[in-house]
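Engineer: I am attaching a structure below and will ask some questions about it afterwards.
There are 2 protein chains.
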Amino acid sequence: MAITIEERIGQHYGGLSDKLRVAADYVAANPVEVATRSLRAVATTSGVSPATFSRLARALGYDDYEAMRDDGRAAVGRRMVPFSQRAHDLRTSGAGQSGREVLARHAAAALHNVSFLERDIAPGKLEAAVDVLHKARRVLLVGSLGSSGLVDYLGYQMHWFAADWIVAGRNGTALAAALSRLGPEDAVLALSKTPHAKRSVSALEAAQKRGIPTVFITDTYSSPALPLASHAFVVPTEGPQFFSSYAATVVLLETIVSLLLARAGEDAEDRIRAAEDQLHSLGETWAP
Amino acid sequence: MAITIEERIGQHYGGLSDKLRVAADYVAANPVEVATRSLRAVATTSGVSPATFSRLARALGYDDYEAMRDDGRAAVGRRMVPFSQRAHDLRTSGAGQSGREVLARHAAAALHNVSFLERDIAPGKLEAAVDVLHKARRVLLVGSLGSSGLVDYLGYQMHWFAADWIVAGRNGTALAAALSRLGPEDAVLALSKTPHAKRSVSALEAAQKRGIPTVFITDTYSSPALPLASHAFVVPTEGPQFFSSYAATVVLLETIVSLLLARAGEDAEDRIRAAEDQLHSLGETWAP
DNA sequence: TTCCTTATGAAACATCTGTTTCAACGGTTG
DNA sequence: CAACCGTTGAAACAGATGTTTCATAAGGAA
């Protein structure tokens, strides 16, 4: 089974010395350079001594620097066939079942979906939705079934700099209670994909009745909740998979987080860093 | 104005001598060879003398053989990163803050990451990891902090056709207990991104000690847990956002689900449909 | 035929490449 | 404090690289 240089670097990164890491980082970032240029040329442009690169190859388990370069060559050769062509071949030539083929199909579908997402969202639409979320006193996140995990992810991202984002996860009992505590100065963000959980639909219904602004993200124009939402986004999710793909949805969610972060003010990022340091000092995370 | 080697060959082909044509044909057919290997190596494998290749470069209007190789390098580099240019432009061309601009940047970054993911996974690597997961009696899913939601999502997808996938979510106490119940016939799938939760790292450590096969997905080569895992994937996550992007990770996870679904047998999809019907008949979902 | 031109590879050449040695440095341990 | 260890780059080294020279061969013209 073939192993790429990047993987070798990953396997050995922990045991590398300072300079070897610098060299390894350069190799990981510039694989084509390594495959095509000479050791000394790479050494010069990266600012590390030639000897270090020679040592790096051995530290990564290669016999030689040349052996490492051979791996790079193989990767470059694989890359030479343009990705889009392979994706096209795979889509038209039927179903290869090797891991790389399936991966290529998924990747192609994701690229397709993300491109469409980017193209099909009208100007100003995102701002309007983000405005609602930004001004809201509290934001309730609703997602069931497959959407539950993503809503959780969104809630995690937001909790770093916005205190009042509440995740109403898969567990349904809390939802009604949480909704009853919200008013027009709050907001609801719901995520629902096929198959649509009734719970999410009724949450939107309830929100509308109580005058709570809603942002709704779904995958079909025929979703029953679409007319109920104040701000609705339809994200393409078609894919080769049996289930629908969430990649484009993640992009949209992360974009929303980005926009909210920008509105949160200049020092929001500082506050996040502080919170991260706090997390680290509690021994929860591992520092590189 | 760049001219490729192929074009130069076309322009000069008529004026070339016999051997020079043989050499030119070889160069046109194997541009990667020329870009990556030495003149003498190319000469040997093509059966033409080294001197001829040196002369060919000049006959095509290059100063040098090295100048010709530089053109080859440029071509390889260009083809290698189809999306990255656009992504790079968007990322570096300064910070438009309108919703569409931010979305475009995120989309570009996601496209970039997905392309790299597709490219940098070695053949056979996915299969090996999926094999482990498929054969496992039980699979424990580990993810903390930002990865918790995605792990949850994966667990949800899998529960439709694989009974024994257990999610060890953000809550840490259950993790140790769950791990202690696993053995070499089981598997652990862990997801960890910067900042890396210590809990995930130690889960992998524990799994390794107990001989449990592990699949590990992370975002940095420097992750401390990388050497501990039996099957490790490094997914690119760079993005315009303060936080790292999970879009490419979602693609990888969905691909894994796809491959597992394929191995689950032909009737797995039928069983899922039946389960969905069941869910619907319980009044949980809304049918379009 | 002889003379001249062109094409070609072997070999010689200076240069460059990757490796290894070695001395210097910084940190740790006794 | 000294002794020791791992890390690092400069320099030395053998071998490889790209170019050029040169001898040979093949053809064309006189």
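One line per chain: the protein sequences are A and B, in this order.
By numbering that gives the first Met the number 0, the letter at position 19 of the first sequence is numbered 18, and the numbering carries on one by one without gaps.
By numbering that gives the first Met the number 0, the letter at position 179 of the second sequence is numbered 178, and the numbering carries on one by one without gaps.
All C-beta atoms, glycine included, are put in the ideal place defined by N, C-alpha and C.
1. Indicate the three-state DSSP secondary structure (helix, strand or coil) for Leu252/A in the structure shown.
2. Helix, strand or coil for Ser143/A, going by three-state DSSP, please let me know.
3. By a C-beta neighbour count over all protein chains shown, 10 Å radius and 16 as the cutoff for buried, is Glu184/B buried or exposed?
4. In whole angstroms, give me the CA-to-CA distance for Ser257/B and Ile216/B.
5. Which term fits Ala247/B, buried or exposed, when burial requires 16 or more other beta carbons within 10 angstroms of its beta carbon?
6. By alpha-carbon positions, which one of Gly9/B, Gly148/B, Leu227/B and Leu139/B ends up nearest to Val249/A?
7. With DSSP as the reference, label Ser37/A as helix, strand or coil.
8. With a threshold of 16 other CB atoms inside 10 Å of the CB of Pro223/B, please say whether the residue is buried or exposed.
9. Report the residues of the region 145-165 of chain B with a CB closer than 7 Å to any CB of chain A, ordered along the chain.
10. I'd like the ranges of any beta strand (DSSP E) spanning at least 3 consecutive residues and lying wholly in the region 11-56 of chain B.
11. Mind checking if Thr35/B is an interface residue toward chain A, Cβ cutoff 8 Å exclusive?
12. List, in chain order, every chain A residue whose beta-carbon is nearer than 7 Å to that of Ala117/B.
13. So the alpha helix (DSSP H) Ala292/B belongs to, where does it begin and stop?
14. Pick helix, strand or coil for Leu227/B, following the three-state DSSP scheme.
15. Please compile the residues from chain A whose C-beta is within a distance smaller than 8 Å of the C-beta of Arg72/B.
16. Taking Cβ positions, are Leu227/B and Glu204/B nearer each other than 8 Å?
17. Go through the region 109-184 of chain B residue by residue and report every complete run of the alpha helix (DSSP H) that reaches 4 residues or more, in order.
18. Establish whether the CB of Tyr25/A and some CB of chain B are separated by less than 8 Å.
19. Can you tell me whether Gly13/B is buried or exposed? The criterion is at least 16 other CB atoms within 10 Å of its CB, across all chains shown.
20. Using the three-state DSSP reduction, which class does Val234/A fall into: helix, strand or coil?
21. Give a yes or no on whether the C-beta atoms belonging to Pro235/B and Leu116/B are separated by under 8 Å.
22. Of the residues that make up the region 46-61 of chain B, which ones have a beta carbon closer than 8 Å to any beta carbon in chain A?
23. Within the chosen definition, does the region 138-157 of chain A reach the region 127-141 of chain B through at least 3 CB pairs nearer than 8 Å?
24. Helix, strand or coil for Ser257/A, going by three-state DSSP, please let me know.
25. Interface residues of chain B around Val113/A at Cβ under 8 Å?
26. Quick one: residues in its chain with C-beta nearer than 8 Å to the C-beta of Val33/B, no 5 flanking neighbours on either side, listed in chain order?
27. What does a CB cutoff of less than 8 Å around Asn112/A pick up in its chain, not counting 5 residues either side in sequence?
28. Closest to Pro253/B by C-alpha separation, out of Pro212/B, Tyr155/B and Asp130/B, would be which residue?
29. For Ile8/A, which three-state DSSP category applies?
30. If contacts are defined as beta-carbon pairs under 8 Å, then Arg262/A and His133/A qualify, I think. What distance do you get, rounded to the angstrom?
31. For Tyr152/A versus Gly145/B, is the C-beta distance shorter than 8 Å?
32. Helix, strand or coil, according to DSSP, for Ala107/A in the structure here?
33. Classify Leu59/A as helix, strand or coil using the three-state DSSP reduction.
34. Need the endpoints of the beta strand (DSSP E) that Gly186/A sits in, please.
35. To the nearest angstrom, how far is the alpha carbon of His105/A from that of Ala50/B?
Structural biologist: Looking at the atomic coordinates:
1. Leu252/A falls in the helix class under three-state DSSP.
2. Three-state result, Ser143/A: coil.
3. By the beta-carbon neighbour count (other beta carbons within 10 angstroms, threshold 16), Glu184/B is exposed.
4. Those two C-alpha atoms are separated by around 17 Å.
5. With 16 or more other Cβ atoms within 10 Å, it is buried.
6. The closest CA to that of Val249/A, considering only Gly9/B, Gly148/B, Leu227/B and Leu139/B, is found on Gly148/B.
7. Reduced to three states, the DSSP call for Ser37/A is coil.
8. Counting Cβ neighbours within 10 Å, Pro223/B comes out buried, since at least 16 surround it.
9. Of all residues in the region 145-165 of chain B, Gly145, Ser147, Gly148, Leu149, Asp151, Tyr152, Tyr155 and Gln156 have a Cβ within less than 7 Å of some Cβ in chain A.
10. Correct list: empty.
11. So, interface residue.
12. Contrary to the premise, residue 117/B reads as Glu rather than Ala in this sequence. Listed along chain A are Phe82, Leu102, Ala103 and Ala106, each with a C-beta nearer than 7 Å to that of Glu117/B.
13. The structure shown does not extend to residue 292/B, since chain B is modelled only from 0 to 287, so the question has no answer here.
14. DSSP places Leu227/B in the helix class (H, G or I) of the three-state scheme.
15. Arg72/B reaches chain A at Val31, Thr35 and Arg36, counting residues in chain order whose Cβ is nearer than 8 Å.
16. Inclusion of Leu227/B and Glu204/B in the CB contact set at 8 Å is warranted, their separation being smaller than that value.
17. You should have 124-134, 146-158 and 172-179.
18. Not one beta carbon of chain B lies nearer than 8 Å to the beta carbon of Tyr25/A.
19. It counts as exposed.
20. It is coil, neither helix nor strand.
21. The answer is yes: Cβ separation under 8 Å.
22. Residues of the region 46-61 of chain B with a C-beta less than 8 Å from any C-beta of chain A: none at all.
23. Output reads no: the region 127-141 of chain B does not touch the region 138-157 of chain A.
24. Helix.
25. Taking the beta carbon of Val113/A as reference, the chain B residues within 8 Å of it are Ala106, Ala109, Leu110, Val113 and Ala246, listed in sequence order.
26. Contacts found: Ile4, Val26, Val41, Met67, Arg68 and Gly71.
27. Taken in chain order, the residues that qualify are Val234, Pro235, Thr236, Glu237, Gly238, Ser244, Ala246 and Ala247.
28. Inspection of the sequence shows that residue 253/B is occupied by Glu rather than by Pro. When only C-alpha atoms are compared, the closest one is Tyr155/B.
29. Ile8/A falls in the helix class under three-state DSSP.
30. The Cβ separation is near 5 Å, so the contact holds.
31. If you check the CB distance, Tyr152/A and Gly145/B come in under 8 Å.
32. Reduced to three states, the DSSP call for Ala107/A is helix.
33. In this structure, Leu59/A counts as coil in the three-state DSSP scheme.
34. Looking at the sequence provided, one finds Ala at residue 186/A rather than Gly. Following the DSSP letters along the chain, one finds Ala186/A inside the beta strand (DSSP E) bounded by residues Ala186 to Ser191.
35. Rounded to whole angstroms, His105/A to Ala50/B spans 47 Å at the Cα level.
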